[in-house]
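Have a look at the structure below, then the notes.
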Amino acid sequence: MVRYGLIAFAPILIFRIRCTLYLCMASTASAALSWIGLTMITKQLWYLRKILKTVISAKTFLFLRLLGGHYSKISSNRLVCAVGVVYCTMFSVYAAMHMLELLARNMTPTSIQTISSVTLYLSSVVTSLRYPEYFQVYLSDMADIDILLRGKSELDIPFTRFLFLAILVTQVSLVGPYIILGYLENEEKIQVSNFLFVGYFVLQCGIIYLTAVMVFEILWYRVRKFREYLEKHLPQLCRAQDERTAADDIYKCMLLYQTILEAFKKTNAPTKTAILMATTISFCKVLAGVFDLISSTNTHIKLLRVHESALDGVLPLVPAMLAAFIQGELNRIKLFIGNLILNANEESVHDALRDCQLYLEHRPFKYSVCRLYTVDLSLVITIINLYVTSLIAMIQFSHFYN
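Basically the working numbering = 1-based index in the sequence shown + 165.
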C-alpha cells in the first residue's frame with residue numbers, strides 16, 4: 166500500500182521539487198542582477214566623485230574668486246599683476262553699483278538682504294587686495310606638510326565641495342523666481358544678462374563663505390593626518406633601542422604640529438575678517454528673511470525665504486563646527502600620548518612624551534575673532550540663541566502691530 170501511495174504521489178512531489186528549484190534559480194538570478202546593477206551604480210558614482218574632485222578643487226575656487234573680482238597674485242610678472250588688480254577693482258565697483266541699481270528697480274530681494282550682500286562682497290574684495298597671496302601660501306605650506314606626513318600631497322576638500330554644490334543648486338535657483346516675481350509685479354522687461362549677473366553675484370557671496378570653510382577644512386584634515394602619523398610612529402619610537410635618538414624623534418614630531426599651526430596663522434587676518442563680516446551680515450540677512458517669512462502672504466515667497474535663511478544661517482557656522490572637529494582630534498592626540506606615558510619604561514622617552522603632552526596643553530587650538538568671540542561650538546549655541554530670541558521678538562511685534 167505504501168509503495169502504491171508513493172507511486173501515486175510521485176508526480177506531485179516531482180512537480181513541487183521543480184517549482185522549488187525554479188524559484189531558487191529565479192531568486193538567485195534576481196539577486197545577481199541586483200548585484201550587477203548595484204555594482205554599476207557604485208562604479209558610476211565613483212567616476213562622478215572622481216570628476217567632481219578634479220573639477221571642483223581649491224584652484225577652482227581661486228579661479229572663481231578671481232573672475233568675481235577677488236584679486237590673488239597669479240604671476241610674478243608685474244604687468245600681469247597690474248592687469249589683475251585693475252580688472253578686479255573695475256569689476257567689483259561695477260558689480261556693487263549694478264546690484265544697487267537692480268535694487269532701486271525692485272528686481273532683487275529686500276533692501277536689507279541686497280545691501281548686506283553688497284557689503285559682504287566689497288569687504289571681501291578689499292581683503293583680497295590687501296592680502297593677495299595668503300591663500301596660495303597656505304595651500305603651498307599645507308602641501309609641504311602633507312609630504313612630511315604621508316610622502317605625497319593631496320589637498321582634497323570634499324566638505325567644501327559638497328557645500329559648493331548645494332549653494333550652486335539652491336542659491337542660483339532662488340534668484341530666478343525673485344526676478345520673475347519682480348517682472349510680474351512691475352511689468353518690466355527683464356534681460357537675460359541681468360538674471361545671469363544676479364545669479365553669479367549670489368554665487369560669489371556663497372564662495373566668500375566657503376573660503377573660510379576651506380581654510381578650516383584643510384587644517385582639520387592635516388591635524389587628523391598628524392594624529393594618524395603619531396599613532397603609527399610614536400609606539401615604534403618608544404620601543405627603539407637608542408633612547409636619545411628616540412627622544413629627539415619624538416620632539417621632531419611636535420615640530421610638525423608647530424609647523425601646522427604656523428601655516429594656519431598666516432591666514433589669521435583675512436580669515437578672521439571674513440568670518441566676522443560673514444557672521445554679522447548673515448545674521449542681518451536671516452532676520453530680514455524671517456521677517457519677510459512672517460509678514461508675507463505669498464506661499465512661494467515663504468518657501469524661498471526658508472531656503473535662503475537656512476543657507477545664510479548655516480554657512481557662517483561651518484568654520485565653528487570644523488574648529489570643534491580640530492579640537493576633538495587634538496584631544497585624541499593628548500589621550501594617546503597619555504597612554505604612551507603610562508607604558509614608557511625609559512626615563513628619557515617618558516620625559517619627551519611628557520613634554521609633548523605639556524606642549525599640546527599649553528598651546529591648544531583656540532581661534533578668537535578680534536577677541537569678540539571664539540570660533541567653536543559655543544559660537545554655534547550663541548548664534549542659535551540669538552536667532553530664537555529675535556524670532557520670538559519679531560513674532561510678538563508682528564502680533565502687536567497686526
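Note that CB positions come from ideal geometry on N, CA and C, so glycine has one too.
Continuous alpha helix (DSSP H) stretch holding residue i: start and end
i, result
"S305", "299-315"
"R528", "First-last for R528: undefined, no H or E at that position."
"A489", "483-508"
"R230", "223-232"
C-alpha distance - residue i paired with residue j, whole-angstrom precision
i, j, result
"S555", "L375", "26 Å"
"R392", "L399", "10 Å"
"M272", "S241", "For M272, the predicted model reports a pLDDT of 47, less than 50, meaning its position is unreliable and no value from the coordinates is stated."
"F327", "D321", "12 Å"
"G493", "I440", "21 Å"
"A475", "D457", "14 Å"
"L287", "Y259", "11 Å"
"Q401", "C521", "16 Å"
"E352", "L267", "Low confidence applies to E352: its pLDDT is 47, below 50, so where it sits in the model is not reliable, and the reading given next is rough at best. Approximately 15 Å, taken between the alpha carbons."
"V290", "C370", "11 Å"
"L480", "D413", "43 Å"
"K215", "L330", "15 Å"
"K531", "Q561", "38 Å"
"K317", "V220", "20 Å"
"W385", "M264", "36 Å"
"P529", "E396", "19 Å"
"C449", "K417", "47 Å"
"E511", "R409", "10 Å"
"D541", "L500", "21 Å"
"G478", "F256", "28 Å"
"V627", "S305", "A query on residue 627 cannot be resolved here, the shown segment of the chain reaching from 166 to 567 and no further."
"E319", "K390", "11 Å"
"V251", "S281", "25 Å"
"N433", "L368", "24 Å"
"M419", "A509", "18 Å"
"L227", "T335", "21 Å"
"I549", "I557", "12 Å"
"V451", "S513", "56 Å"
"M307", "R497", "21 Å"
"Y552", "L426", "33 Å"
"T424", "T279", "41 Å"
"E473", "G234", "23 Å"
"R315", "V455", "47 Å"
"H527", "E298", "30 Å"
"I502", "A411", "15 Å"
Cβ-Cβ distance between residue i and residue j below 9 Å
i, j, result
"A261", "V283", "yes"
"A428", "I310", "yes"
"L313", "I415", "no"
"F324", "A488", "no"
"L507", "T444", "no"
"L229", "I372", "yes"
"L525", "Y394", "no"
"P484", "F300", "no"
"V534", "K430", "no"
"L505", "C403", "yes"
"Y296", "I383", "no"
"S293", "Y236", "yes"
"V378", "I491", "no"
"M486", "L285", "no"
"M156", "I446", "For residue 156 there is no data in the structure shown, the boundaries of the chain being 166 and 567."
"I239", "L231", "yes"
Which residues DSSP lists as bridging residue i, in chain order
i, result
"T539", "S533"
Task: Runs of alpha helix (DSSP H) wholly within the region 413-464 (minimum 4 residues, chain order) - done: DSSP runs (the alpha helix (DSSP H)) wholly in the region 413-464: 433-460.
TODO: Write down every uninterrupted run of the alpha helix (DSSP H) in the region 364-402 whose length is 4 residues or greater and which is fully enclosed by it, in chain order.
DONE: For the region 364-402, not a single whole alpha helix (DSSP H) run of length 4 or above is found.
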